Amino acid sequence: ILSMCGIYLSLIAFPFQQYVHIHFSNLATILILWFYSTNFKRDFLIGNVVIAVLTAWTIGVVYFSKFTIVQLTHPTNMQSADLRFLKLTILYSSFAFILTLIREALKDMEDMDGDGKFGCKTMPIVIGLQKSGRIVQVIGILSVLLLALLSILLFNSAHYFFSIYLSLSTCLPLIMVIAQVNKDATSEHYAQLSSSLKFIM
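Written out as structure tokens, the structure is:
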């Protein structure tokens, strides 16, 4: 019902012929979520990647809703404002993708016993908790390095407030989560880390 309401509202907001790409993506998202609930979430890594992509898309769709299908298929010289908008979209979408991927892995580690009873082939079931935790930590460290680089670039551009904000509100808490991933292999521990990551996002 909620999905159909979403389709209806998008048809009101965007004329179908001009924004066919938006309506196609909305319908595709609903179908992908359906298959996720029935199949993908049971498979090794596929479900995690699907949810991460769809989370990133909720940000990316804002950029694509700015342009009609004519503008996208016959692009003219992109204005500097549009180019900046694209760069910001890629930045935020990438951040959403990476953190969602980490969080989905943590949720799989939290739900390992229940998933095992239902025959799911999630990452911790296939390769174990310790190895899954190491993979989460590696992805998390890469995220921190990229965010630290962004913070430095902001600082060098005299955006001091945003640089400090990014460091304290995102980098530091993310480091704390990464450091604790393999400290305790209990469902409650992974649930707490998952909630912390949601707060960071």
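First residue of the sequence shown? That's 12 in this note's numbering, and the numbers climb one at a time after it.
Where a beta carbon is used, it is the ideal one built from N, C-alpha and C, also for glycine.
Everything numeric in this text was worked out from a predicted model, so none of it was measured.
*Note down, in chain order, each residue of its chain lying with its Cβ closer than 7 Å to the Cβ of V61, except the 5 sequence neighbours on either side.*
I43, Y47, F51
*Assuming V73 and T100 form a contact by the criterion Cβ under 8 Å, report the distance between their Cβ atoms to the nearest whole angstrom.*
7 Å
*Report yes if the CB atom of Y201 is closer than 8 Å to the CB atom of M120, and no otherwise.*
yes
*Under 8 Å between C-beta atoms of D124 and T133*: no
_With a threshold of 7 Å on Cβ separation, who are the neighbours of D54 within its own chain once the five nearest residues in sequence on each side are excluded?_
K132
*asked:* Once the 5 residues before and after I163 are set aside, which same chain residues still bring their CB inside 8 Å of it?
replied: S174
*asked:* Taking the alpha-carbon of I70 as reference, which of T79, Y103, L161 has the nearest alpha-carbon?
replied: Y103
*So, are the CB atoms of I109 and I150 less than 8 Å apart?*
yes
_Using only the alpha-carbon positions, how far apart do L161 and S154 sit?_
11 Å
*asked:* Please report the straight-line C-alpha distance between M15 and I152, rounded to a whole angstrom.
replied: 39 Å
*Could you round the C-beta distance between I211 and L185 to whole angstroms and report it? I think they count as a contact, below 8 Å.*
6 Å
*Can you tell me whether DSSP reads H85 as helix, strand or coil?*
coil
*Who are the near neighbours of S207 in its chain, counting only those whose CB is closer than 8 Å to its CB and skipping five residues on each side?*
P184, M187, V188
*Taking the alpha helix (DSSP H) that K118 falls in, what are its first and last residues?*
91-121
*Can you tell which of L117, I18, Q28 has its C-alpha closest to the C-alpha of S205?*
L117
_Residues in the same chain with beta-carbon distance under 6 Å from S198, minus the five sequence neighbours each way, listed in chain order, please._
E121
_So, with DSSP's three-state summary, where would you put S143?_
helix
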